[in-house]
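The next block holds one structure in the form of structure tokens; read it before the comments.
Chains as they are written, first to last, in this note's numbering: chain A, 1 to 291; chain B, 1 to 291.
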């Protein structure tokens, strides 16, 4: 899977996202703030995972667009709220000011609330999905994003800040904070492609492992990465006293841990007869990414 | 409609709400914070409006419970986020500490995010509703709560803070900030009772008017109310330099404005052949409430 392909798909997803937001908002500062964060250089890996899962199991026309937009809206809302002064207190993200620094805290809170609400509006209003499909997607997405999923991950992340953690705790945090939404992208892609319940559970397990791979690679890049490619300073986890895989297991230990999850994913994709698919290629690309 | 009836219904709704929250969260600080705000003395007027609308049009068994819980979750999330230091910066609500004062800002932000997410999970997981019913409710609720509804009202409310406003602007703010969710309670109650599309639009208009009545009465009570009944100081709008109906129209003007909306509601309820129903009684009760 080459960079060019990723960029083309990303451009297409971006266009769909901006269209969706303009339909669901009125002109003004709130829309500006929502669009600002949606435009702020996201890699769109979650929508890409959904698309490539779908394409790996069917030749049907794309029916995942609203689910992909909804997922990216939820991902973006979580970044806006995580960056707030009361949370991680970040001034920049991907080389741009964070939402509350570009606008203000109140606007950032409401932009996040808007995106979270719009994600469910987007799926429920999609005329190309059946009611059963919409309900499946909304149930899955709300569970992945809510207080037994992503939000709990963020809550624990803060509760364990500046505390000694072990690898198991770190895994639980990332599984919820990152893994659940990434798993949703593969569950939704497979479900809409018409894959059965047993295969969906395998896609979910693979997606959770992909989430951990993604996070471990993030931690590794913070040690070994190239500042210019990353668009952020290297070594910031060390400075922020954040628990990371390299810190708990050493750099080699972290790479081995990542390898463990890569093997799990490979084995699940083999079970799913999806080892030579765009999905497998994309996951390999994500696992080796340099930014 | 007497106080006793309201309290009985409220107790029943409360029980359903707490059950719903325990199912959708894990033990810990986040759940404690969510339950704290859900228990903080809400009047449950929105669920009551939904129930009484439903009961006014059908004798069927209650099928609105998840929608009522979802609505109250969204109402509560909006209060938690509105109270934050970056927004209205309130330390107390109904005589209790606000969520971020009892817990902390980060927890309050995440408790609000959780409730908003759980509201859609609650409807989508209700085994007593058809997929069509769930999709209708989620679409309506997300539109009422999102950046063309409640969130936009809160955004404008802040943008117009300490600015001169006129009655039209004030009406637009309250229609969105309060009216849209109250209208949802009547739209959902009527829809689940099996009322047709034309009647649903009348219920929506009546609900928006009820929202304005509710808000004007709030403003009036801030001038004429009894501190002990209200559980909050009287005259705080004056102190906070908030735009209110009595300030823009005088106390008598505000009462007349409220009367105008009461007449609109009466006329709509007559059209709906619902003038002698529990719904009409509840609206009259809300309009005259002393706290």
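Every residue gets a Cβ at the ideal spot worked out from N, C-alpha and C, and that includes glycine.
Being a predicted model, the structure only gives us computed values, none of them experimental.
| Asked | Found |
| --- | --- |
| Within 7 angstroms, strictly: CB atoms of residue 145 of chain B and residue 117 of chain A | yes |
| Through-space distance from residue 229 of chain A to residue 21 of chain B, alpha-carbon basis | 44 angstroms |
| Residue 87 of chain A versus A:61, A:161, A:70 and A:114, residue with shortest Cα-Cα distance | A:161 |
| Residue closest to residue 134 of chain B, alpha-carbon to alpha-carbon, out of B:37, B:66 and B:291 | B:66 |
| From B:129, B:225, B:260 and B:265, residue whose alpha carbon lies closest to that of residue 289 of chain B | B:225 |
| 7 angstroms Cβ cutoff, residue 87 of chain B in contact with chain A | yes |
| Cβ neighbour criterion (16 or more within 10 Å) applied to residue 217 of chain A | buried |
| Residues, ordered as in the chain, of the segment 121 to 142 of chain B that lie near chain A by beta-carbon distance below 7 angstroms | 121, 124, 125, 131, 132, 134, 135, 138, 139 and 142 |
| Touch test, the segment 71 to 91 of chain B against the segment 276 to 283 of chain A, Cβ-Cβ under 8 angstroms, three pairs minimum | no |
| Residue closest to residue 174 of chain A, alpha-carbon to alpha-carbon, out of A:185, A:193, A:214 and A:198 | A:214 |
| Rounded separation between residue 98 of chain B and residue 107 of chain A - CA only | 20 angstroms |
| contact_flag[the segment 34 to 50 of chain A, the segment 25 to 36 of chain B] where n(CB pairs < 8 angstroms) is 3 or more | no |
| Cβ pair residue 264 of chain A, residue 209 of chain A closer than 7 angstroms | yes |
| Sequence-distant residues of the same chain with beta carbon closer than 6 angstroms to residue 124 of chain A, five excluded per side | 134 |
| Whether residue 181 of chain A touches residue 64 of chain A by CB criterion (7 angstroms) | no |
| The segment 43 to 56 of chain B / the segment 147 to 161 of chain B touching (three or more Cβ pairs under 8 angstroms) | no |
| Spatial neighbours of residue 136 of chain B in its chain, beta-carbon cut-off 8 angstroms, leaving aside the 5 residues before and after | 191 |
| Residue 242 of chain B to residue 129 of chain B span [Cα, whole Å] | 42 angstroms |
| Extent of the continuous alpha helix (DSSP H) run through residue 177 of chain B | Looking at the DSSP string, residue 177 of chain B is not in any alpha helix (DSSP H), and its letter there is neither H nor E. |
| Start and end residues, alpha helix (DSSP H) containing residue 64 of chain A | No alpha helix (DSSP H) contains residue 64 of chain A, which DSSP labels as neither H nor E. |
| The segment 97 to 112 of chain A: positions lying closer than 9 angstroms to chain B by Cβ | 100, 104, 105, 106, 107, 108, 109, 110, 111 and 112 |
| Straight-line Cα distance separating residue 15 of chain A from residue 234 of chain A | 31 angstroms |
| Under 8 angstroms by beta carbon: chain A residues contacting residue 154 of chain B | 110 |
| Counted within 10 angstroms of its Cβ, other Cβ atoms place residue 261 of chain A as buried (16 or more) or exposed | buried |
| C-beta atoms of residue 195 of chain A and residue 248 of chain A nearer than 7 angstroms | no |
| Burial state of residue 7 of chain A, where buried means 16 or more other Cβ atoms lie within 10 Å | exposed |
| Length of the line joining the Cα atoms of residue 211 of chain A and residue 251 of chain A | 19 angstroms |
| Chain B contact for residue 170 of chain A (CB, 7 angstroms cutoff) | no |
| N-terminal and C-terminal residue of the alpha helix (DSSP H) that residue 29 of chain B is part of | 29 to 38 |
| The ligand COA heavy atom lying under 6 angstroms from the CB of residue 271 of chain B | Ligands displayed in this structure: none; no statement on the ligand COA is therefore possible. |
| Cut-off 6 angstroms between Cβ atoms - residues of its own chain near residue 258 of chain B, not counting five sequence neighbours on either side | 213 and 216 |
| Close-in-space but distant-in-sequence residues of the same chain around residue 44 of chain B (CB under 8 angstroms, 5 per side omitted) | 9, 10, 13, 14 and 72 |
| Between the CA atoms of residue 267 of chain B and residue 200 of chain A - distance to the nearest angstrom | 53 angstroms |
| Chain B residues whose Cβ lies nearer than 8 angstroms to that of residue 158 of chain A | 106 |
| Euclidean distance between Cα positions of residue 150 of chain B and residue 115 of chain A | 13 angstroms |
| Contact list for the segment 53 to 84 of chain B against chain A, Cβ threshold 9 angstroms | 74, 77, 78, 81 and 84 |
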